[in-house]
């Protein structure tokens, strides 16, 4: 754990204000769910809650099956990071923070189908991925909330994604969203 040197008092309603710098760094906004943990030393730990974490093992298996069937790289994200990767680039992507553009796309519930040269092309993470030539990204919606995304990526030089890949990503996202509801 890293000390920040910031001290806050609990108000009469039991609230503590998380400093703006920390909220910005951790991408905490009004309404962001936090999970509360305590340990034996009396520490209170706040952790950003992601409902997708419960699905991580299942998402990994689903991504593996899709990657084997399609020959594409398949990534599944929550609203903060990549939680499952199959078909390549695992160490390059797994548990990396998603890009601001992808976060916006998820929030706006937009489906993206793009080639590397298109203006619509959305980087998955803040770091650029070498060799991606085409992508389709669909938001995962659960009980009305956008909670993540499914991305299909190709490194084939002449790859062009169309209706079929879009339907595949949208179907996968819909299925994962319904798994979260049940």
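Residue numbers (our numbering): 551 to 732. Where a beta carbon is used, it is the ideal one built from N, C-alpha and C, also for glycine.
Residue i versus residue j: straight-line alpha-carbon distance, rounded
i: residue 537; j: residue 655; result: It is not possible to answer for residue 537, since the shown part of the chain is limited to 551 through 732.
i: residue 658; j: residue 731; result: 20 Å
i: residue 568; j: residue 610; result: 33 Å
i: residue 582; j: residue 646; result: 19 Å
i: residue 589; j: residue 641; result: 31 Å
C-beta contact flag for residue i and residue j at 8 Å
i: residue 690; j: residue 718; result: no
i: residue 587; j: residue 729; result: no
i: residue 702; j: residue 715; result: yes
Per DSSP, cross-strand counterpart(s) of residue i
i: residue 631; result: 647
i: residue 588; result: 594
i: residue 686; result: 663 and 702
i: residue 624; result: 636 and 702
i: residue 691; result: 696
Burial state of residue i, where buried means 16 or more other Cβ atoms lie within 10 Å
i: residue 626; result: buried
i: residue 639; result: buried
Helix, strand or coil at residue i according to DSSP, with G and I counted as helix
i: residue 709; result: coil
i: residue 656; result: helix
i: residue 662; result: strand
i: residue 609; result: helix
i: residue 675; result: strand
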